[in-house]
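Read left to right, the sequence shown gives residues 15 to 169 (our numbering).
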Amino acid sequence: MAVGLAACSPAPEIDPTPVEKAAAAAPVSDAVAETPAVLTAVDLRRVCRAGLAAIHGQTLDAIEITGAEGPALNAQWRAPVDGGLMKAQCRAGDGLVVWKPLELPDPTQVRWMNEAGDPVVTYAIRGEEIEIVQALPDGTTQQAMMAVRSEEEVS
């Protein structure tokens with residue numbers, strides 16, 4: 015009898031994920047957004063440069079793509095505080111940007127930033143602009159639009 019009653023009770027409400035919150039809060043643009051599951055090499059470079067610039071508070075020109083390792087791109091930029099060289103890897107596809115810092119003094123911090131408690135970073139390609147939305151663990155979001163022309167990424 016208890017089984018029959020349990021089946022009639024309403025399902026518990028589930029809180030939206032950070033990605034769902036970010037998507038709901040993002041402003042609507044006139045440009046058609048594209049988030050292909052697999053990016054072209056040029057669009058991968060565009061999205062990773064824009065994503066890393068937004069995540070680390072850098073200008074787009076500061077982020078240099080230095081190579082690739084499988085599906086991940088290597089990038090570097092000058093640290094604003096001491097001018098040291100910061101390095102990271104980036105993967106993107108299906109609307110998500112995932113990155114990991116490289117060459118940190120504490121090897122346990124060299125990991126992909128995709129665990130519970132890490133910000134969720136999404137992207138949308140809007141023509142020559144890349145929209146980056148970061149859903150932070152506290153429920154807030156940060157949004158950046160970066161003009162990254164395809165021609166800049168051909169090398």
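We put the CB at the ideal spot given by N, CA and C, even for glycine. As the structure is a prediction and not an experimental result, all values here were calculated from the model.
- In this chain, the beta strand (DSSP E) harbouring residue 86 covers 86-92.
- The bridge partners DSSP lists for residue 116 are 101.
- Residue 77 sits away from residue 87, with the two beta carbons spaced by 7 Å or more.
- Membership of residue 63 in the alpha helix (DSSP H) is indicated by the continuous run 55-70.
- Under the three-pair Cβ rule at 8 Å, the stretch 142-152 counts as touching the stretch 57-76.
- Ranked by Cα distance from residue 81, the first of 90, 148, 123 is 90.
- By the neighbour-count criterion, in which 16 or more other beta carbons inside 10 Å mark a residue as buried, residue 155 falls on the buried side.
- Here residue 74 carries a helix assignment [DSSP, helix/strand/coil].
- In the three-state reduction of the DSSP assignment, residue 136 falls in the strand class.
- Scanning its chain for C-beta atoms nearer than 6 Å, with the 5 sequence neighbours on each side dropped, one finds around residue 85 the residues 105, in chain order.
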